[in-house]
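The numbering used here numbers the first residue of the sequence shown as 42 and each following residue consecutively. Positions of the beta carbon are idealized from the N, C-alpha and C atoms, including for glycine.
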Amino acid sequence: MKHYRYLDHLSYADAAFESEGESIEELFQAAGDALTNLMVEDLGSIELKERREVHLKRRIGPEHQEVMELLQELLDKMIYWKDVDQLLLRVRHVDLKYAPSRRWVELIAELEGDRIDPERQRLGTDVKAVTFHRLKVWQAGNSWKAIVVVDV
42 MKHYRYLDHL
52 SYADAAFESE
62 GESIEELFQA
72 AGDALTNLMV
82 EDLGSIELKE
92 RREVHLKRRI
102 GPEHQEVMEL
112 LQELLDKMIY
122 WKDVDQLLLR
132 VRHVDLKYAP
142 SRRWVELIAE
152 LEGDRIDPER
162 QRLGTDVKAV
172 TFHRLKVWQA
182 GNSWKAIVVV
192 DV
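Below, the structure is given as structure tokens:
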């Protein structure tokens, strides 16, 4: 099930989306799918043949600042691999480990995908970067939500 929607009214020069998950981990997966679905029209056209792993660590901050930073950096890494290695990736697993006594949170994410193949995939928007403009993560009842704006 799709846990994201595109926000046409939020930014006219860029692209924006809102993603949602029952946990922060699901939120990151939904945001990853939203980003990748901007770059390729059909997520199903991406074969899960190649694997990448992301390890990030951030200091715990106010108002989920560390979650916003981790999300932004994870999505930027996906864009980097698209540009440098011609890889379209999907976030398959996310593990967040909080160490409150040390005031750190660590993210380990597993991504899978394959090389861009115009024979199999219809490419969409060429995303350049995730911006901090309007980037927001919040808890809404029993779910987590994020708004992400990307440069195109």
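At what residues does the alpha helix (DSSP H) containing residue i begin and finish?
i           : result
residue 68  : 65-80
residue 106 : 106-126
Using alpha carbons as the reference points, say which of the options lies closest to residue i.
i           : options              : result
residue 192 : 117, 65 and 153      : 117
residue 57  : 111, 170 and 90      : 170
residue 62  : 173, 100 and 183     : 183
residue 127 : 100, 78, 114 and 158 : 158
residue 185 : 49, 46 and 60        : 60
residue 154 : 105, 120 and 138     : 120
Just verifying my parser: in three-state terms, what is the DSSP assignment at residue i?
i           : result
residue 48  : coil
residue 97  : strand
residue 142 : coil
residue 154 : strand
residue 89  : coil
residue 176 : coil
Terminal residues of the continuous beta strand (DSSP E) containing residue i?
i           : result
residue 62  : 56-62
residue 189 : 184-192
What are the partner residues of residue i, as DSSP defines its beta bridges?
i           : result
residue 131 : 153
Evaluate the contact criterion for the region 148-163 versus the region 82-99: three or more CB pairs, one atom per stretch, below 8 angstroms.
Enough Cβ pairs lie closer than 8 angstroms, so yes.
Any contact of the region 176-186 with the region 130-147, i.e. 3+ C-beta pairs under 8 angstroms?
no
Is the region 72-87 in contact with the region 122-136, if contact means three or more CB pairs nearer than 8 angstroms?
yes
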